[in-house]
């Protein structure tokens, strides 16, 4: 039996669980057992092994790896990222080794690290998404699939699927038919009503939701009058988008019953706690990993300390506790 599924039995804990100050940090993200509610976001932590000398990966609640499609993909031409006030704009373009390369070269390390792996999947058709997910089904260590339906940095796939609720639903249903793994669509932030997309994904078979992805953005060099990024446009991430993300997480959590993995501008425990109060079951640290890769560990400790200070016995008690 997949050890990540054991969390469905109340009271069961794995040997890796940490309970500090009598705070139960374990959460269940749509069938994925996380020893604590803090993951790392896709595209900001490589495939885990790149950070192994800096961070004890086994202490993370989950690792979401860079996006993969069926075949290796070179990504966009350089330059493809630039710092801006309050964050970063990138157009990496989902560079990756393809699903078979991921399984062969990277997943064994994360399996040995004893951390649930969420694989970010993208494609240019429903069939490609479904085929990639099917190849991951049963691979040791893989705990779930994050469906990237919202990346603004590729000309095909990604964003094209995420701006129509019917397309999102059809994609989730198509992948659902090909895998038993928990499915977590990563929704686009730039839609008129996030609740409509959240409900569409839930009704189609999603086990959890991931939000938000980067926000479409553009940076121009005023001396050359040319776009800084070779791709012309990219996606904004970092602290600048955090209030936008909190609002969307709150709205989505009111529309669905499935749990939410929230991300967008977490630089310390305060933003993570805010996401959980807004309605998230778990959080993912993204851009901050480029500044300080130990940020997720500080966030874990901060959530524990906050719960102890406020008399909460579990991190789960934070979820949806906003007072309006």
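Numbering (our numbering), first residue to last: 223 to 546. No residue lacks a Cβ here, since even glycine has one placed at the ideal position from N, Cα and C. Predicted model only: the values in this text are computed from it and were never measured.
Asked, Found
"Using the C-alpha atoms, what's the distance from residue 533 back to residue 349?", "49 Å"
"Keeping to the same chain, check which residues put their C-beta closer than 8 Å to that of residue 233; ignore five residues upstream and five downstream.", "With a pLDDT of only 32 at residue 233, under the threshold of 50, the placement of this residue in the model should not be trusted, and no figure is reported."
"So which of 537, 341, 493 has the shortest CA-CA distance to residue 408?", "341"
"In its own chain, which residues sit with a C-beta less than 6 Å from the C-beta of residue 265, not counting the 5 before and 5 after it?", "288"
"Does the region 507 to 518 come into contact with the region 473 to 482, if we say contact requires no fewer than three beta-carbon pairs (one atom in each stretch) closer than 8 Å?", "no"
"With a threshold of 7 Å on Cβ separation, who are the neighbours of residue 354 within its own chain once the five nearest residues in sequence on each side are excluded?", "290, 291, 292, 321, 343, 345"
"Can you list, in chain order, the stretches of the alpha helix (DSSP H) that have 4 or more residues and sit fully within the region 462 to 495?", "464 to 477"
"Any contact between the region 447 to 461 and the region 306 to 323? By contact I mean 3 or more CB pairs, one from each, below 8 Å.", "yes"
"What did DSSP end up calling residue 265 once you bin it into helix, strand or coil?", "coil"
"Mind pulling the alpha helix (DSSP H) runs of 4 or more residues that sit fully within the region 283 to 369?", "320 to 327, 329 to 334, 348 to 358"
"Rounded to a whole number of angstroms, what is the C-alpha to C-alpha distance between residue 323 and residue 294?", "8 Å"
"Just curious, the alpha helix (DSSP H) that residue 420 is in, first and last residue?", "416 to 426"
"Start and end of the alpha helix (DSSP H) containing residue 524?", "517 to 531"
"Below 7 Å CB to CB, which residues in the same chain sit around residue 226 once its five sequence neighbours on both sides are set aside?", "Per-residue confidence for residue 226 stands at a pLDDT of 41, beneath the threshold of 50, marking its modelled position as unreliable; the derived number appears in the next sentence. Correct list, in chain order: 254, 255, 338, 365."
"Measuring only the C-alpha atoms, how far is residue 267 from residue 486?", "15 Å"
"Starting from residue 455, trace the beta strand (DSSP E) in both directions and tell me its first and last residue.", "455 to 459"
"Report yes if the C-beta of residue 545 is less than 7 Å from at least one heavy atom of the ligand NAD; otherwise report no.", "As presented, the structure is devoid of all ligands, the ligand NAD included, so that no description of it is given."
"Going by beta carbon distance, what residues of the same chain come within less than 8 Å of residue 237, once the five residues before and after it are set aside?", "The predicted model places residue 237 with a pLDDT of 35, which falls under 50 and marks its position as unreliable, so this point remains unresolved."
"Mind checking whether residue 466 and residue 500 have CB atoms under 8 Å apart?", "no"
"Sort out for me which residues DSSP pairs residue 250 with in a bridge.", "255"
"Classify residue 406 as helix, strand or coil using the three-state DSSP reduction.", "strand"
"What are the residues that DSSP puts in a beta bridge with residue 449?", "442"
"How big is the Cα-Cα spacing for residue 296 and residue 274?", "24 Å"
"Exposed or buried, what is residue 372 when buried is set at 16 or more other beta-carbons lying within 10 Å of its beta-carbon?", "buried"
"Tell me the DSSP secondary structure of residue 280 in three-state form.", "helix"
"DSSP three-state call for residue 534: helix, strand or coil?", "coil"
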